[in-house]
Each structure stands twice: as C-alpha cells, then as structure tokens.
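A.B. asks: At position 122 of the sequence shown the residue is numbered 122 (full-length UniProt numbering), and the sequence of numbers has no breaks.
Beta carbons are placed, not taken as given, at the ideal position from N, Cα and C, and that holds for glycine.
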Amino acid sequence: MSDKVVLVIYGRGGHQEQMRRLLNQLKKASPEMKFVSIADVPDTLGAVKHLECPEPRDKFSRWGTPLKVPYSALITLIQCIRLSFKHEISGIVSTGPGMAVLPSILFRLLSKQVIYIESWSRFYSGSLTGRFMYYIANVFYVQNKSMLAIFPKAKYSGRL
C-alpha cells in the first residue's frame with residue numbers, strides 16, 4: 001500500500017472547476033499532499049490515480065436517469081474499493097455530484113473523514129446531493145451565506 005492520499009470526487013463543469021480551485025489552494029498549503037480521484041471526466045488535476053465513472057444521470061432524458069443512477073453509484077462504489085486496496089485513503093472530499101453519496105457512506109463506516117462542499121451556484125435551496133451529504137459528512141461547507149439558513153450546522157467557507 002502506498003502513502004496516505006485523499007480521495008476527491010467531482011463531476012464535469014462547475015464541480016470540476018471548484019475541485020481544481022480547492023486543490024490549487026491545498027497544494028500551496030501542503031505541497032506534499034497526494035490525491036486520487038473519481039470523476040465522469042478525464043483527469044486534468046494531477047491525481048496519483050484517476051478512475052472515470054459513467055455520468056450519473058442522463059440530463060436529456062427523464063427516463064434514462066432512474067436506470068443510470070444505480071449503475072453509476074455501483075460503479076463508483078466498486079472503484080472506491082479498488083482504490084482502497086492500492087492506496088491508504090485518509091478521507092474523501094467532494095464538490096457536489098451524486099456519485100459521491102455511496103462512497104461517503106462507505107468511508108464514514110470505515111471511520112474516515114468525509115468533507116462535502118455544496119455548490120457555489122446554490123443560494124436558496126440545497127442540492128439533492130447536499131441534502132443527503134449534510135447528514136453523512138463530518139464537515140459540510142457552503143459557499144454562500146444564505147445557505148446557512150438551509151444547513152444551520154454547515155460552515156461558511158466563502159467562494160472557492
């Protein structure tokens with residue numbers, strides 16, 4: 001097993017950009033930090049190991065999503081287990097996609113740190129993933145102060 005690493009899970013678009021900004025800040029503070037990643041896009045962030053999973057939902061079909069979400073969640077969970085055999089994962093950080101829910105439950109059961117960052121595009125309502133992760137994560141961050149009314153135990157971090 002290799003050195004300790006952090007698992008990061010993100011999706012395309014804004015989730016990926018938020019993770020890129022977070023990792024840039026973390027690398028400045030701790031240059032020796034290593035991470036592995038799971039996303040529905042190819043790695044552009046410099047992970048030690050990156051696994052691609054299928055996109056969790058079909059944004060163009062309302063009928064495809066109920067079938068794709070369980071499949072994507074299962075694939076992501078299997079990938080987390082594979083990564084756990086090769087790397088000593090100290091915790092998980094996610095910037096939002098639903099594919100992070102099952103791995104977060106798994107790592108909480110394994111007494112690992114789970115950190116969730118609600119999307120910067122949320123001002124008045126929590127995302128579906130955020131509503132689950134609020135109860136799963138050890139630390140739950142919001143990027144807009146108005147979200148503290150929805151998630152009172154969250155920590156306000158400001159925008160990434």
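1) Since Pro97 contacts Gly11 with CB under 8 Å, what's their CB separation in whole angstroms?
2) Thinking just about the alpha-carbon of each residue, which of Arg122, Ala137, Arg82 and Gly158 is nearest to the one in Ile105?
3) Inspect the beta-carbon positions of Thr129 and Leu102 and report whether they are closer than 8 Å.
4) Can you check whether the CB of Ala154 is closer than 8 Å to the CB of Tyr141?
5) Does the beta-carbon of Gln79 have 16 or more other beta-carbons within 10 angstroms, so that it is buried, or is it exposed?
6) In angstroms with no decimal places, state the Cα-to-Cα distance between Asp3 and Met33.
7) In whole angstroms, give me the CA-to-CA distance for His50 and Lys145.
8) Determine the closest residue to Gly158 out of Met133, Ser121, Tyr134 and Ser127, with distance taken between C-alpha atoms.
9) For the beta strand (DSSP E) containing Tyr141, name the first residue and the last one.
10) What is the DSSP secondary structure of His15, counted as helix, strand or coil?
11) Sorted by chain position, which residues of the same chain lie with C-beta nearer than 8 Å to Tyr71's C-beta, five sequence neighbours on each side aside?
12) Quick test of your reading: Met99 and Tyr116, contact by CB under 8 Å. State the CB separation rounded to the nearest angstrom.
C.D. replies: In short, the structure shows the following:
1) 3 Å
2) Looking at the Cα atoms, Ala137 is the closest of the given residues.
3) no
4) yes
5) buried
6) 10 Å
7) About 33 Å.
8) Ser121
9) First-last of the beta strand (DSSP E) with Tyr141: Val139 to Val142.
10) Here DSSP, grouped into helix, strand and coil, assigns His15 to helix.
11) The residues are Pro54.
12) Not quite, the Cβ-Cβ distance comes to about 13 Å (not below 8 Å), so this is no contact.
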